[in-house]
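Residue numbers (my numbering): -9 to 353.
Here a beta-carbon is modelled for each residue, glycine too, at the ideal position from N, C-alpha and C.
Since the structure comes first, as structure tokens, the remarks are kept for the end.
Structure follows, in structure tokens:
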């Protein structure tokens, strides 16, 4: 005796019906149902037999012509990849060869190559600017002033300085010592009637540095230290740079210098003043008004010996540095300078017209 079985497709049932399997016999139908507990539809989704993809598909539009640096692998990993890009001028395309690529070289159309190269250059530029900005922020210390000027581009400030922004950075140190100086002298009694004297004593040391910009035309750089041995070591620079289509091209105030192409008119260095540059069509004009903080000396050598001329006033005498030519001058020195307002001249003081000084060195 043979029987035929037919299995029908399972359908999702509702919350009120049960799943069923129907077996159809040869002589008649025999119904059989299998009931299973089913969770409510609000707590579990309907089983449709589809498998979801939890990993999104990779975007294949970019052929990966230019590698991107990974923060996990570092630049050494990108440098280890050996690749070459060759131009195929006959087909107006590029061929990419890479050792790590499977499937051989890859051909890229010219438009795609140019588009990917533009994107790669744009990423590199942004990466470089971000790194420079981060480095500047880490190097800058002290007190910072960064503010936007009200009015924006339509304000008078923008007409003169360009960008309506002020960015200054101040750093430095100020040492102030305050005290009193007590002096006691027996000779002071005859003058003031008091043998002691109390005076305030102040000492101030300042080291100041200011760097920044006002707008995008004026740059400020100040480096000032009261302990500097020479005045030219204190730098004060204000640089104003105009736009290309403006008559006033630049103005520099503070420590400036001027170079001239002609040997007849010499330039100057270590100048403290104002330097301006103007441009009117093809005419370039440079003006400078400054105070020279240096001096020129002339050195002449004759026959292997050095000859230097100098002027020394008698009142500029310095002990252990300047010496008398004879006992006559030494004995009459104090008498001649008893009254600083009137210097007396004794006989023989003005009779010396020339003198030579020789220095003997051990060979």
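Check	Outcome
Neighbour flag for residue 351 against chain C, beta carbons, 9 Å	Here there is only one protein chain, and chain C is not present.
Alpha helix (DSSP H) segment containing residue 323, residue limits	317 to 326
Sheet register partners of residue 193 (DSSP bridge)	167
Residue from 125, 95 and 82 whose Cα sits closest to the Cα of residue 72	95
Cα-Cα separation between residue 52 and residue 122, rounded to whole angstroms	Reliability of the predicted coordinates at residue 52 is poor, the pLDDT of 44 falling under 50, and no value is obtained from them.
Alpha-carbon to alpha-carbon, residue 293 and residue 350	16 Å
Buried versus exposed call for residue 300 [16 or more other C-beta atoms within 10 Å across all chains shown]	exposed
Local conformation of residue 18 per DSSP, three classes	For residue 18, the predicted structure reports a pLDDT of 43, less than 50, and the residue's modelled location is therefore unreliable. A value from the coordinates is still provided. Coil.
Residue 53 in three-state terms, based on DSSP	Residue confidence for residue 53 is low, a pLDDT of 46 falling below 50, so the modelled location carries little weight; the figure read from the coordinates is stated next. If DSSP states are grouped into helix, strand and coil, residue 53 belongs with coil.
Residue 342 burial status per 10 Å Cβ neighbour count (16 or more: buried)	exposed
Residues that DSSP places opposite residue 265 in a beta bridge	242 and 278
Residue from 202, 306 and 88 with nearest C-alpha to residue 327	306
Three-way DSSP call (helix, strand, coil) for residue 298 in this model	coil
Residue 13, DSSP secondary structure in three states	Note that residue 13 scores 39 on pLDDT, short of 50, meaning its location in the model is unreliable; the coordinates nonetheless yield the value given after this. Residue 13: strand per DSSP, three-state reduction.
Three-way DSSP call (helix, strand, coil) for residue 230 in this model	strand
Cβ neighbour criterion (16 or more within 10 Å) applied to residue 317	exposed
Residue burial classification, residue 135 (beta-carbon count within 10 angstroms, cutoff 16)	exposed
Other residues of its chain near residue 352: CB distance less than 6 Å, five sequence neighbours each side excluded	none
Boundaries (first-last residue) of the alpha helix (DSSP H) holding residue 150	146 to 151
Among 313, 281, 280 and 347, the one whose alpha carbon lies nearest that of residue 298	347
Local Cβ density within 10 Å of residue 289, reported as buried at 16 or more and exposed below that	exposed
Of the residues 281, 233 and 85, the one placed nearest residue 208, counting alpha carbons only	233
Beta-carbon contacts of residue 215 that lie in its chain and below 6 Å, excluding the five residues immediately before and after	197
First and last residue of the uninterrupted beta strand (DSSP E) at residue 76	73 to 78
Exposure of residue 246, with buried meaning 16 or more beta-carbon neighbours within 10 Å	buried
Residue 174 versus residue 190 - alpha carbon distance	15 Å
N- and C-terminal bounds of the beta strand (DSSP E) containing residue 313	Note, residue 313: premise wrong, no beta strand (DSSP E); not H, not E.
Buried or exposed by the 16-neighbour rule on C-beta atoms within 10 Å, applied to residue 104	exposed
Which residues DSSP lists as bridging residue 203, in chain order	157 and 209
Residue 219 (DSSP reduced to helix, strand or coil)	coil
CA nearest to the CA of residue 367, picked from 205, 229, 170 and 75	For the chain, the structure presents residues -9 to 353; residue 367 sits outside this window and is missing.
Inter-residue CB distance, residue 266 and residue 241 (contact presumed, cutoff 8 Å)	5 Å
Nonlocal neighbours in the same chain, by C-beta distance under 8 Å from residue 335, ignoring five residues either side	326
Secondary structure of residue 115, DSSP reduced to three states	helix
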